[in-house]
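The numbering used here applies: residue 1290 is where the sequence shown begins, and numbers increase by one.
Ideal Cβ positions, reconstructed from N, Cα and C, are used throughout, including at glycine.
To keep things clear, I will list the structure first and then write my remarks on it.
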Amino acid sequence: MSSVAVKPLRIVLAASEAVPFFKTGGLADVAGALTKALADCGHEVTLIIPDYTPLRQNKAGLPAVHDTGLQFTIDMNGRSVTGEVNWARYPQSTATVLLVRQAAYFDRGQPYGDAGGGYADNSERFCFFSRAVPEICRLMVLRPDVLHCNDWQTGLIPALLNSRYAQIAGFEQTASVMTIHNMAYQGAFWKMDMLLTGMHWGFYNPSHMEAWGSLNLLKTGLAFADQLTTVSPTYAREICTPEGGCGLDGLLRWRQSALTGILNGIDIDVWNPATDPLLPAPFSADNWQTGKARCKAHLQQRLGLASSPRTPLIGMVSRLVDQKGLDLIAGCASALLHRRVQLAFLGTGDARYESLLRDLAKRHPEQVSAVIGFDESLAHQIEAGADLFLMPSQFEPCGLNQMYSQRYGTIPIVRQVGGLADSVSHYDGTPAGLETATGFVFADYSMAGFSTAVEQALSAWQDAAVWNRLVRNGMHRDWSWQQSADRYVAVYHEALAKVASRKAENRL
Ligand code: ADP
1290 MSSVAVKPLR IVLAASEAVP FFKTGGLADV AGALTKALAD CGHEVTLIIP DYTPLRQNKA
1350 GLPAVHDTGL QFTIDMNGRS VTGEVNWARY PQSTATVLLV RQAAYFDRGQ PYGDAGGGYA
1410 DNSERFCFFS RAVPEICRLM VLRPDVLHCN DWQTGLIPAL LNSRYAQIAG FEQTASVMTI
1470 HNMAYQGAFW KMDMLLTGMH WGFYNPSHME AWGSLNLLKT GLAFADQLTT VSPTYAREIC
1530 TPEGGCGLDG LLRWRQSALT GILNGIDIDV WNPATDPLLP APFSADNWQT GKARCKAHLQ
1590 QRLGLASSPR TPLIGMVSRL VDQKGLDLIA GCASALLHRR VQLAFLGTGD ARYESLLRDL
1650 AKRHPEQVSA VIGFDESLAH QIEAGADLFL MPSQFEPCGL NQMYSQRYGT IPIVRQVGGL
1710 ADSVSHYDGT PAGLETATGF VFADYSMAGF STAVEQALSA WQDAAVWNRL VRNGMHRDWS
1770 WQQSADRYVA VYHEALAKVA SRKAENRL
């Protein structure tokens, strides 16, 4: 339970993916873990996600999903589209999960797109989902205090609350909060897709739903929501600048007083090296050497790398896209290999990065492994078995892997951006620095900056006392969701206060 005495709120979270049901990236981890953390604080939480039915049907260990019998219809530009609602209990939680079923939109091989890119009807799919959320709240009489939306796929919801649903029973006090998980993905579509939004054409203007000549669903959420959050304090500052704002920095500066950066937590039950069923040997912050050494040996064997306890093993688990700094890795790869390290990559993404890593592994099979795919168990085993972990991102709203790494005794090498800057303490080589340091942080997005950090890390690897201290510092850090959940609740109350004062003004 929360340390802060709170009045229970009725919270509806809307997201396009959430663990344990569907995951393509960090959004799913956050949506799932925040749901659980808020329910653990005593709030009444409902998580609403699309039901990508075929993707969950073959997945082991999911909670049972039941049909509610509820059907609803949305007028999508003159065409009536019917959806259904399934429900499940969130694992080990009092929270409810509602899964929006619409076979034509969501029974696909992937949530957002295939090898050819995003699905051509993504605008329609997620306008439907966004319109389904308040409609389901209405039909199920959920009467939310707060509707918490995440990323562009749900950006239409705050606009609907301020227009169509403003006068509807059950939404009198409902406040909206919009969380930005990544400014680089905005849901920008052809302006005629306004017809799918259920919003009046008058809102297609630069103060509301239009940005740079397109309908922009992230902007819509940012313009209409009562409060805005993003996933780290540093990223909250970065997105208000022209470099970080991806074209929406003007709006964000205008709304800066409503914007809060809240660092994500991690699910410390799922990511716990002492109990993780996916590891060949458990280990804990107080006794990690033997277990971690066994995890490393197992990983080297699984990936076909040379069995060598003294060779530093560097891991990376990532979407393979420009954001993640793969051009720096490509540029430094041969220098790294000369330093006699091993590299273990796991990821999917842009074809050119996939083939670059595959080629590297083919040319250096004992030193480099590249698994192109999405593999939860290997992700856990790399976090546990590697000595070092790479995240040289161009930008990184929060990043989760650097937190998983520290919890698993794996030293992160990260760029000083976004949540990486907020969650990794650089080791500057001094005894005072060693008291709190947990990794290596570089500022310049350049091969020189990245190589220097790698050199610093490899020289720390040579000194067992330094290394052990870095590992211990990282493993003892608290990454639980409790603190972050309390901050979200504070934001919810700010949003509710805003709604209350708006209503009071309207009554005058
Ligand atoms: P982003 O959301 O930008 O992809 P994050 O670091 O916030 O980056 O979160 C990524 C999440 O997805 C982490 O939990 C990471 O372990 C997981 N992940 C990314 N790629 C893979 C993969 N190929 N296989 C398994 N897990 C992956």
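For residue 1778, DSSP records no beta bridge to any residue. Excluding the 5 residues flanking it on each side, residue 1475 has same chain C-beta neighbours closer than 6 Å at 1441, 1505, 1507, in chain order. For residue 1667, the shortest C-beta to heavy atom distance toward the ligand ADP is below 8 Å.
Collapsing the DSSP output to three states places residue 1676 in coil. A straight line joining the alpha-carbon of residue 1745 with that of residue 1653 spans about 24 Å. At a Cβ-Cβ threshold of 9 Å, residue 1683 and residue 1612 count as neighbours.
Residue 1630 is positioned such that its CB atom lies no closer than 9 Å to that of residue 1646. Residue environment analysis places residue 1768 among the buried positions, since at least 16 neighbouring C-beta atoms fall within 10 angstroms of its C-beta. By the C-beta density criterion, residue 1724 is exposed, having fewer than 16 other C-beta atoms within 10 angstroms.
Annotation for residue 1602: the continuous beta strand (DSSP E) segment containing it runs 1602–1609. Residue pairing by DSSP places residue 1715 opposite 1728 in a beta bridge. In its chain, beyond the 5 residues on either side, 1484, 1485 have a beta carbon closer than 7 Å to the beta carbon of residue 1366. According to the DSSP secondary-structure assignment, residue 1503 is paired through a beta bridge with 1500.
Scanning its chain for C-beta atoms nearer than 6 Å, with the 5 sequence neighbours on each side dropped, one finds around residue 1693 the residues 1560, 1672, in chain order.
Secondary structure of residue 1330 (DSSP, three-state): coil. Contact check for residue 1674 and residue 1587: beta-carbon distance about 6 Å, within the 8 Å limit, so the pair qualifies. Residue pairing by DSSP places residue 1373 opposite 1360, 1390 in a beta bridge. For residue 1713, the CB stays at least 8 Å from every heavy atom of the ligand ADP. The shortest C-alpha to C-alpha distance from residue 1699 to any of 1720, 1669, 1718, 1719 is the one to 1669.
Ranked by Cα distance from residue 1303, the first of 1782, 1420, 1633 is 1420. Counting of Cβ neighbours within 10 angstroms places residue 1355 among the exposed residues, the total staying below 16. Annotation: the segment 1439–1517 contains the following complete segments of the alpha helix (DSSP H) (minimum length 4 residues), in chain order: 1445–1451, 1506–1513. DSSP places residue 1301 inside the beta strand (DSSP E), whose first and last residues are 1299–1303.
Between the segment 1424–1444 and the segment 1507–1522 there are three or more inter-stretch CB-CB distances shorter than 8 Å, so the stretches are counted as touching. Per the coordinates, the alpha-carbon of residue 1535 lies some 19 Å from the alpha-carbon of residue 1316. Under the three-state reduction of DSSP output, residue 1309 falls in the coil class, being neither helix nor strand.
Around the C-beta of residue 1685, 16 or more other C-beta atoms lie within 10 Å, and the residue is accordingly described as buried. For residue 1631, the uninterrupted beta strand (DSSP E) run begins and ends at 1631–1638, by DSSP.
In this structure, the CA atom of residue 1516 is about 44 Å from the CA atom of residue 1585. For residue 1582, the enclosing alpha helix (DSSP H) has its first and last residue at 1578–1592. With respect to the C-alpha of residue 1676, the residue from 1638, 1377, 1581, 1297 having the closest C-alpha is 1581. For residue 1606, the shortest separation between its Cβ and any heavy atom of the ligand ADP lies below 8 Å. Remark: C-beta atoms of residue 1300 and residue 1433 approach each other more closely than 9 Å. Within a 10 Å sphere around the beta-carbon of residue 1502 sit fewer than 16 other beta-carbons, which makes this residue exposed.
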